[in-house]
Structure formats: C-alpha cells, structure tokens
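Trainee: The structure that follows is given in the form of structure tokens.
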Amino acid sequence: MAQAAQLRKARGVTAPSNAELARQVLTALSRGDVSAFVALVHPEIEIHTARGVYRGRDEAEEWAHKKYEHLQRHFAIDRLDARGDEVVARVRTQYVWRESGLVGDEEQAAIDLAFADGKLVRWAFREG
Numbered sequence: 027m028a029q030a031a032q033l034r035k036a037r038g039v040t041a042p043s044n045a046e047l048a049r050q051v052l053t054a055l056s057r058g059d060v061s062a063f064v065a066l067v068h069p070e071i072e073i074h075t076a077r078g079v080y081r082g083r084d085e086a087e088e089w090a091h092k093k094y095e096h097l098q099r100h101f102a103i104d105r106l107d108a109r110g111d112e113v114v115a116r117v118r119t120q121y122v123w124r125e126s127g128l129v130g131d132e133e134q135a136a137i138d139l140a141f142a143d144g145k146l147v148r149w150a151f152r153e154g
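Residues in the sequence shown are numbered from 27 upward in steps of one, following the working numbering.
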C-alpha cells in the first residue's frame with residue numbers, strides 16, 4: 027500500500043478507491059472543471075492521446091482546457107475495472123451540443139488510468 031494511503035488509514039480517514047478516483051477524474055473533465063481535474067493529477071502525470079503525449083501538471087491543464095467550439099465532450103461511464111493502481115474505464119465518449127444539450131455523436135472507448143499516492147499518474151485513451 028502506498029505510504030500516503032497508509033497514513034490516511036492510520037488517521038482513520040478512508041481514502042477513495044482508485045475506481046472512485048477514476049470516476050472523479052472523468053466527471054471533472056465531463057463538467058469542464060479543469061481546477062478539479064488538476065487537483066486530481068500527480069506532478070508526473072502522462073496523458074497519452076492520438077495527438078501526442080502531455081507530461082506534467084502544466085501540460086495536463088493545457089490539455090484539459092482544450093474545447094470544441096460548439097460541442098462539449100462527456101464521458102458516460104459504462105464500467106470501471108480496477109486492478110491494483112490501474113483502472114480501465116469503459117466509456118461512451120459523447121459529444122454534446124452546448125446550446126441544446128443533445129448528444130450529437132457517441133463512440134465506445136476505453137481509458138487506461140493509473141494512480142499513485144491517490145493521484146492520476148497516467149491516462150491513455152483508446153478507441154473501442
């Protein structure tokens with residue numbers, strides 16, 4: 027068990043599970059709450075996307091700020107599979123029209139998340 031988790035447990039504070047942390051990360055991104063997202067990331071975060079790799083908090087924040095002009099990206103969680111420090115999130119990536127709130131497009135995806143000391147240290151998006 028990570029040292030930070032042991033310390034929280036010793037103090038009687040229950041740390042969120044990695045599956046719950048994954049849910050918090052996906053919810054923050056879906057809401058466009060960049061501050062909440064950045065609070066959940068490890069200083070050595072790596073975000074792997076089809077367009078490249080973003081490293082560190084500053085690049086993670088820059089990545090999270092990217093938006094579409096008329097659409098907002100939501101992650102509808104279908105399943106979270108946790109194993110140790112890793113979580114595979116099976117999601118439907120939804121592109122929602124900002125004005126109407128209607129889903130314009132939706133695609134199945136998997137997101138591999140890894141956590142260290144209660145923070146997101148790796149994000150890797152893969153389609154299907």
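Think of the CB as a built atom: it goes at the ideal place given N, C-alpha and C, for glycine as much as any other residue.
Predicted model only: the values in this text are computed from it and were never measured.
Beta-carbon within less than 6 angstroms of Phe-63's beta-carbon, same chain only, minus the 5 sequence neighbours each way: which residues are those?
Mentor: Counting from 1 along the sequence shown, the entry for residue 63 is found at position 37. These residues qualify, in order along the chain: Ala-54, Leu-55, Ala-90.
Trainee: Between the stretch 75-87 and the stretch 127-142, do at least 3 Cβ pairs fall closer than 8 angstroms?
Mentor: No, the stretch 75-87 does not touch the stretch 127-142.
Trainee: Label Leu-128 either buried or exposed according to how many other C-beta atoms from any shown protein chain fall within 10 Å of its C-beta, with 16 as the threshold for buried.
Mentor: The residue given as residue 128 occupies position 102 in the sequence shown. It counts as exposed.
Trainee: Ends of the alpha helix (DSSP H) at Glu-88?
Mentor: Within the sequence shown, residue 88 is the residue found at index 62, counting from 1. Where Glu-88 is concerned, the enclosing alpha helix (DSSP H) stretches over 82-91.
Trainee: To the nearest angstrom, report how far apart Arg-34 and Gly-130 are at their CA atoms.
Mentor: On the sequence shown, residue 34 is found 8 positions in, with the first residue counted as 1. On the sequence shown, residue 130 is found 104 positions in, with the first residue counted as 1. Because Arg-34 sits at a pLDDT of 49, beneath the cut-off of 50, its placement in the model cannot be relied upon, and the point is left open.
Trainee: Excluding sequence positions up to five away, which residues of its chain have a Cβ less than 7 angstroms from the Cβ of Ala-44?
Mentor: To locate residue 44, count along the sequence shown from 1; it is residue 18. Before going on, a small fix: residue 44 reads as Asn here, not Ala. Around Asn-44: Ala-108, Asp-111, Val-113, Phe-141.
Trainee: In this structure, how does DSSP classify Ala-54 when only helix, strand and coil are distinguished?
Mentor: Counting from 1 along the sequence shown, the entry for residue 54 is found at position 28. The answer is helix: DSSP assigns Ala-54 an H, G or I state.
Trainee: When you compare each of Arg-124, Val-117, His-96 to Glu-132 by their alpha carbons, which one comes out closest?
Mentor: As a working note, residue 132 is residue 106 in the sequence shown. Selected option, being the one with the closest Cα: Val-117.
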